[in-house]
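Have a look at the structure below before the remarks.
Numbering (the working numbering), first residue to last: 1 to 217.
Here it is, written out as structure tokens:
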């Protein structure tokens, strides 16, 4: 019986050490990719996480993309919970209000308890799936669809392009705000200013391409 207890304790300690090592690798990856880009060497991530084995990332995550996906997944769940709560609190009128909908996207990302995640996400976003979750499982695509109706055109292709551009701008603005928050000499931008800029971008009139002037005879 004592042998079985010792075996279970050893197994539990091994799992605990493994979980701690994975968490430290996620922290290191988030910081180093934010600071140095997507292609930062995996051995540098392992070293920053206190791992003596250069192959620690491959052991725990198999490859770089799985590591990146794990960083995103760790942060995504709390943000999705907050977004769902914010959506549930919107009344019928606010559910179509551009500023209210943009706050659902912006505020959970601003409020995330991390020092490098917004910059990390700005770097890796082009390599992530456009919709990592089905619409019924995530607030994100539902909010984007609602925002698309605020674009002053009935052309769905143009609506999609405008919403995509606004999302790209949002990640860049929040990443810059995070950068400002790390600088003692700078004041981070008010999230409401970011919401206002994105709303103006989303609802700006679409300008038709200029027609070439007829050439004189």
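Each residue gets a CB set at the ideal place from its N, CA and C atoms; glycine is no exception.
Taking all protein chains in view, the Cβ of residue 88 is surrounded by fewer than 16 other Cβ atoms within 10 Å, so the residue is classified as exposed. The residue from 121, 140, 91 with its alpha-carbon nearest to that of residue 29 is 121.
Listed in chain order, the non-local C-beta contacts of residue 72 below 8 Å within the same chain comprise 121, 124, 128, 132, local neighbours out to five positions each way being set aside.
Nearest to residue 176 by alpha-carbon distance, out of 118, 90, 31, 56, is 118.
For the 9 Å CB-CB criterion, residue 61 and residue 25 form a contact. Contact annotation: residue 170 and residue 105 have beta-carbon atoms nearer than 9 Å. The DSSP assignment places complete alpha helix (DSSP H) segments of no fewer than 4 residues inside the segment 153-213 at 156-181, 191-203, in order along the chain. The DSSP-derived three-state label of residue 69 is helix.
Here residue 77 is exposed: its Cβ has fewer than 16 other Cβ atoms, across all protein chains shown, within 10 Å. One Cα belongs to residue 81, the other to residue 92, and the distance between them is close to 20 Å. If you check the CB distance, residue 103 and residue 188 do not come in under 9 Å. A distance below 6 Å between beta-carbons, with the five flanking residues on each side excluded, links residue 68 to the following residues of its chain, in chain order: 124. The straight-line gap separating the alpha-carbon atoms of residue 55 and residue 114 is approximately 26 Å.
Note on residue 207: under 16 other CB atoms within 10 angstroms of its CB, so exposed under the neighbour-count rule.
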